[in-house]
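Below is one structure, written out as structure tokens, with a few remarks after it.
Numbering (the UniProt record's numbering), first residue to last: 1 to 260.
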């Protein structure tokens with residue numbers, strides 16, 4: 001009896017090619033997810049992202065263990081773009097105009113991006129935690145623009161970087177909720193005017209005295225909001241490390257100088 005011939009074994013795919021295919025698929029998934037999340041936010045199904053990328057759902061899961069992980073990756077990518085732009089403007093002429101134009105641009109671009117809107121809203125409610133390093137880099141790059149604008153007298157000396165971060169989120173929320181007759185950018189322009197120096201402006205309350213955690217939350221850094229290591233002895237720590245401790249010291253010194 002003749003033996004059945006076995007089908008030939010397909011040649012093994014070389015490792016470099018597999019790695020190249022994996023990188024290509026990951027890039028396709030990220031690009032598709034970025035567009036889908038910008039249009040529909042976190043509510044978009046993972047299967048829809050896979051179809052848009054032209055890959056199977058299994059391929060998506062191999063690169064990203066959950067939809068939340070994929071969502072975070074796309075948001076982080078956008079925040080890094082904002083950070084890079086701020087760094088490129090660090091030496092630009094006319095620091096005051098650059099600072100205000102940058103704030104307005106971040107709000108305008110974020111308002112068009114449903115993913116960023118959902119991330120900010122979820123973060124405020126404690127349902128989403130952006131990557132600490134990415135958020136810290138953005139904060140530091142924005143602080144450079146703020147400091148340069150204050151040095152030339154374009155921004156009030158008593159404004160802190162924490163104030164600006166809060167105003168950014170507030171501007172985005174108000175721009176999204178403006179009425180049908182509201183002009184885009186109008187609310188942001190009004191808020192930005194509150195940062196300008198001049199007579200008749202409301203004096204800001206002094207920062208929280210030293211010895212207290214300004215966030216009011218135990219175990220949370222008073223500057224960046226990151227986790228604070230538990231203190232073994234003595235008074236509980238207020239900052240996650242030396243960089244945040246120095247930044248808080250500079251902000252307090254700046255506030256005292258402004259009051260003087």
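Where is the CB? At the ideal position from N, CA and C, for every residue including glycine. What you are looking at is a predicted structure, and each value in this text was computed from that prediction instead of being measured.
Where does the unbroken alpha helix (DSSP H) through residue i begin, and where does it stop?
i	result
residue 107	95 to 111
residue 195	Premise fails: residue 195 is in no alpha helix (DSSP H) and is neither H nor E.
residue 171	161 to 176
residue 84	67 to 88
residue 92	Counting along the chain, residue 92 falls outside any alpha helix (DSSP H), and DSSP gives it neither H nor E.
residue 41	No alpha helix (DSSP H) holds residue 41; DSSP gives it neither H nor E.
residue 47	46 to 53
residue 57	57 to 63
To which residues of the same chain is residue i closer than 6 Å at the C-beta, ignoring the five residues directly before and after it?
i	result
residue 118	41, 42
residue 110	116, 172
residue 188	104, 107, 171
residue 79	134, 138
Use the C-beta contact count for residue i: other C-beta atoms within 10 angstroms, 16 or more gives buried, fewer gives exposed.
i	result
residue 263	Since the first residue of the chain shown is 1 and the last is 260, residue 263 is not available in this structure.
residue 177	exposed
residue 166	exposed
residue 183	exposed
residue 47	exposed
residue 27	exposed
residue 152	exposed
residue 34	buried
residue 218	Per-residue confidence for residue 218 stands at a pLDDT of 49, beneath the threshold of 50, marking its modelled position as unreliable; the derived number appears in the next sentence. Exposed, by the Cβ-count rule.
residue 263	A query on residue 263 cannot be resolved here, the shown segment of the chain reaching from 1 to 260 and no further.
residue 190	exposed
residue 20	exposed
Report all residues from its chain with a CB closer than 7 Å to the CB of residue i; omit the five preceding and five following residues, and keep chain order.
i	result
residue 56	50
residue 75	115, 116, 119, 130
Whose C-beta lies closer than 8 Å to the C-beta of residue i among residues of the same chain, with five residues either side of it excluded?
i	result
residue 60	29, 46, 49, 50, 53, 70
residue 114	37, 38, 39, 40, 41
residue 243	none
Does any C-beta atom of chain D lie closer than 8 Å to the C-beta of residue i?
i	result
residue 79	Within the model displayed, chain D is absent; a lone protein chain is all it includes.
Check whether the region 79 to 99 touches the region 54 to 70, taking contact to mean three or more Cβ pairs, one atom from each stretch, closer than 8 Å.
-> The region 79 to 99 is not in contact with the region 54 to 70.
Taking contact to mean at least 3 C-beta pairs separated by less than 8 Å, is the region 189 to 197 in contact with the region 151 to 163?
-> yes
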